[in-house]
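Q: Protein chains in written order, with our numbering: chain A, 172 to 427; chain B, 172 to 427.
All C-beta atoms in this analysis are idealised placements derived from N, C-alpha and C, irrespective of residue type, glycine included.
Got a structure for you, questions after.
Number of protein chains: 2
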Amino acid sequence: MRYARIEAGGRPAHAEIADGIAHVLTGDPIRGAVKRTGDRLPLENLTFLPPVIPGVFYAVGFNYRSHVEHYGKKAPERPEVGYRANNALTGHRAPIIRPADVTGRFEAEGEVVAVIGRVLRNATRSEAQESIFGWTIGNDVSAREWQHADRTFWRSKNSDTFKPMGPWIETGADPMTQTTTVRVDGGVRARFPTGDMIFDPYDYIVETSKYITLHPGDVLWMGADSTVQLEPGSTVDIEISGIGTLSNPVLAERHP
Amino acid sequence: MRYARIEAGGRPAHAEIADGIAHVLTGDPIRGAVKRTGDRLPLENLTFLPPVIPGVFYAVGFNYRSHVEHYGKKAPERPEVGYRANNALTGHRAPIIRPADVTGRFEAEGEVVAVIGRVLRNATRSEAQESIFGWTIGNDVSAREWQHADRTFWRSKNSDTFKPMGPWIETGADPMTQTTTVRVDGGVRARFPTGDMIFDPYDYIVETSKYITLHPGDVLWMGADSTVQLEPGSTVDIEISGIGTLSNPVLAERHP
């Protein structure tokens, strides 16, 4: 099943995506039973919202060997989560805005995202596997000069629109057997096996849940193998086979 | 006015605290108009919840000169926010649980917390001042060996129960003229002028909002001057004059 959040009649709503149609739902599929309201919307001009607004937004820093080597870092020895911020979330098709004062590399990273479906503490590996509601796609946009110059990732990774997520949550895929492809204006810029991780999502959930309660709707972004430069005027697509394609145009902010 | 979140009839509810009584409210005072339902609860055995669950949980690392010097760090040159995680929040009177495998210093930091009341982007200083809904108190509990050993603050600062917040939001105080006092079992362990900050809350809001939209209910923890060691079996109180006292017992986790 594919669950999206969309704008329907000017308000946010959950929807099931099937046969190229958004079927509006009565509630939130992550938090309870839902039914189709009968309202059906074509996908063409639909406004997609981030498919979930997490209570906690977990993200993994270095989780693919070639990405670690690219930055001359040591591979992590344990699965330790970091964090991103909800203000930065935006939906499929919404613009990524490059702030007026960004200089240097401005990059996309295509990531598979685990969406948690249960309350979880001290999870075993099989409980971690069963806790997954589904999978979506994230683009961990980063302004590298800020990332290196600042004390925290506040604006380098958490400026408004820097975290596109979507287009929907796919409940039936196994991300470990998929392929991630990053395209700019249709041209392939990166392609890697999604499952080629140093630690997989269940490793992270088991370790995190030793100290931390995970809740339905929490998300865990799993890191990327490659980074891809973004220029205003282009469109970046992150495709993960079996899940979908997250597509966002890149715009330059006008000076405020 | 003082606004708390409490348990009323087994469910979370907002309440106005006046004359030693919790007056249950119809809605969320941060997000709209509220009325008293007529239900009144004495404070003695009340269960206090964190007074707000933020969309984004901002926190300031080094913001008092003596704290910076204590750690041999350079004072920050710009007001750059960091983040904490909602799973770690707990209310007034709820226990802080020290995980079974924590070794080394386990410390409290008493912090004043700004609660945002408006949508805010590219704020001027006076817009930042007007954006404050009110002020509460946070205890930024930290396990120092984990803080130094780990790649991120995931478990050192974000383990469950490590972020007591409350007891309520005071809408009428000026935190810059108050005094923060930290007591363990009634004995004063730290006392400092709350307003003795390197950058004040409005500096942080102005800078953050250049890139980031702040939303009603977001919180900004303002850092502490001093750290205080915590031992299981004791009770830690953070008092900020004009706001209130956040009190939490410390317990040792039994091995899972």
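Residues of the region 316-332 of chain B with a CB closer than 7 angstroms to any CB of chain A: list them in chain order, please.
A: Against chain A - using a Cβ distance shorter than 7 angstroms - the residues of the region 316-332 of chain B are 321, 322, 323, 325, 326, 329, 330 and 331.
Q: Straight-line CA distance for residue 221 of chain A to residue 313 of chain A?
A: Taking the straight line joining both Cα atoms gives about 18 angstroms.
Q: Any residues in the region 380-396 of chain B with a beta carbon nearer than 9 angstroms to a beta carbon of chain A? Which ones, in chain order?
A: Under the 9 angstroms Cβ criterion, the region 380-396 of chain B contributes 381, 382, 383, 384, 385, 386 and 389.
Q: Any contact between the region 217-235 of chain B and the region 256-263 of chain B? By contact I mean 3 or more CB pairs, one from each, below 8 angstroms.
A: Cβ pair count under 8 angstroms is three or more, so yes.
Q: Taking CB distances under 8 angstroms as the criterion, tell me whether residue 253 of chain A reaches chain B.
A: Output row for residue 253 of chain A: interface = yes.
Q: List, in chain order, every chain A residue whose beta-carbon is nearer than 8 angstroms to that of residue 234 of chain B.
A: In chain order: nothing, as chain A lies at least about 12 angstroms away.
Q: What residue range does the alpha helix (DSSP H) around residue 310 of chain B cover?
A: First-last for residue 310 of chain B: 303-310, but that is the beta strand (DSSP E), not the alpha helix (DSSP H).
Q: Check this for me: beta carbons of residue 229 of chain A and residue 417 of chain A, under 8 angstroms apart or not?
A: No, these two residues do not count as a Cβ contact at 8 angstroms.
Q: For residue 401 of chain B and residue 187 of chain B, what's the separation of their Cα atoms in angstroms?
A: Spanning the two alpha carbons is a distance of roughly 31 angstroms.
Q: Output the distance between the C-alpha atoms of residue 273 of chain A and residue 192 of chain B, rounded to the nearest integer angstrom.
A: For residue 273 of chain A and residue 192 of chain B, the distance between alpha carbons rounds to 52 angstroms.
Q: So, is the C-beta of residue 335 of chain A closer than 8 angstroms to a C-beta in chain B?
A: Chain B contact via Cβ: absent.
Q: Using the C-alpha atoms, what's the distance from residue 375 of chain B back to residue 174 of chain B?
A: Each residue's Cα considered, the two are about 24 angstroms apart.
Q: Can you give me the start and stop residues for the alpha helix (DSSP H) that residue 406 of chain B sits inside?
A: Residue 406 of chain B -> not in any alpha helix (DSSP H); beta strand (DSSP E) instead, spanning 406-411.
Q: Can you tell me which residues form a DSSP beta bridge with residue 358 of chain B?
A: Note: residue 358 of chain B sits in a beta bridge opposite B:355.
Q: Beta strand (DSSP E) containing residue 329 of chain A: first to last residue?
A: Element bounds for residue 329 of chain A: n/a, residue is neither H nor E.
Q: Can you give me the Cβ contacts of residue 309 of chain A inside the same chain, cut-off strictly under 6 angstroms, excluding the 5 residues immediately before and after it?
A: Cβ within range, chain order: 282, 284, 336 and 392.
Q: Hey, which unbroken runs of the alpha helix (DSSP H) at 4 residues or more fall wholly within the region 174-216 of chain B?
A: Runs of the alpha helix (DSSP H) inside the region 174-216 of chain B: none found.
Q: Quick check on the DSSP output: the alpha helix (DSSP H) that includes residue 379 of chain A runs from which residue to which?
A: Start and end: 372-379.
Q: Just to confirm, are residue 411 of chain A and residue 349 of chain A a CB contact at a threshold of 8 angstroms?
A: Cβ distance < 8 angstroms, so residue 411 of chain A and residue 349 of chain A count as in contact.
Q: Just to confirm the assignment: which complete beta strand (DSSP E) runs, minimum length 3, are found wholly within the region 247-297 of chain A?
A: DSSP runs (the beta strand (DSSP E)) wholly in the region 247-297 of chain A: 267-269, 277-279 and 281-287.
Q: Is residue 189 of chain B close to chain A? Criterion is C-beta to C-beta, closer than 8 angstroms.
A: Taking Cβ atoms only, chain A never reaches closer than 8 angstroms to residue 189 of chain B, which makes this a no.
Q: Give the residues of chain A in contact with residue 279 of chain B, contact being defined as C-beta atoms less than 7 angstroms apart.
A: Result: empty, since nearest Cβ-Cβ is about 18 angstroms, beyond 7 angstroms.
Q: Would you grab the beta carbon distance between residue 231 of chain A and residue 252 of chain A for me? Rounded to a whole angstrom, and I think it's under 8 angstroms.
A: The Cβ separation is near 6 angstroms, so the contact holds.
Q: From B:415, B:331 and B:354, pick the residue whose C-alpha is nearest to that of residue 280 of chain B; which is it?
A: Residue 280 of chain B has its Cα closest to that of B:354, out of B:415, B:331 and B:354.
Q: Please identify, using Cβ separations under 7 angstroms, the residues of the region 256-267 of chain B that lie next to chain A, in order along the chain.
A: Under the 7 angstroms Cβ criterion, the region 256-267 of chain B contributes 256, 257 and 258.
Q: Would residue 255 of chain B be called buried (16 or more neighbouring beta carbons within 10 Å of its own) or exposed?
A: Residue 255 of chain B comes out buried.
Q: Whole angstroms is fine: what's the gap from residue 215 of chain B's alpha carbon to residue 422 of chain B's?
A: Rounded to whole angstroms, residue 215 of chain B to residue 422 of chain B spans 21 angstroms at the Cα level.
Q: So, is residue 288 of chain A buried or exposed, given that buried needs 16 or more other C-beta atoms within 10 angstroms?
A: Residue 288 of chain A should be labelled buried.
Q: Beta-carbon within less than 6 angstroms of residue 198 of chain B's beta-carbon, same chain only, minus the 5 sequence neighbours each way: which residues are those?
A: Counting only Cβ-Cβ distances below 6 angstroms, and skipping sequence neighbours, we find 205.
Q: Distance cutoff 8 angstroms, beta carbons only. Does residue 404 of chain A sit that close to anything in chain B?
A: Output row for residue 404 of chain A: interface = no.
Q: Quick one: what does DSSP say residue 421 of chain A is sitting in, helix, strand or coil?
A: In the structure shown, residue 421 of chain A sits in a strand (DSSP, three-state: E or B).
Q: Can you look up residue 336 of chain A in the DSSP assignment and give me helix, strand or coil?
A: Of the three classes helix, strand and coil, the one that applies to residue 336 of chain A here is strand, per DSSP.
Q: Looking at the unbroken alpha helix (DSSP H) that takes in residue 320 of chain A, where does it start and where does it end?
A: 315-320 is the extent of the alpha helix (DSSP H) around residue 320 of chain A.
Q: Assuming residue 378 of chain B contacts residue 270 of chain B under a Cβ cut-off of 8 angstroms, what Cβ separation, rounded to an integer in Å, is found between them?
A: With 8 angstroms as the limit, residue 378 of chain B and residue 270 of chain B do not qualify as a contact, their Cβ atoms being about 34 angstroms apart.
Q: Does the Cβ-Cβ distance between residue 341 of chain B and residue 414 of chain B come in under 8 angstroms?
A: It is a contact, given that the beta carbons lie within the stated cut-off.
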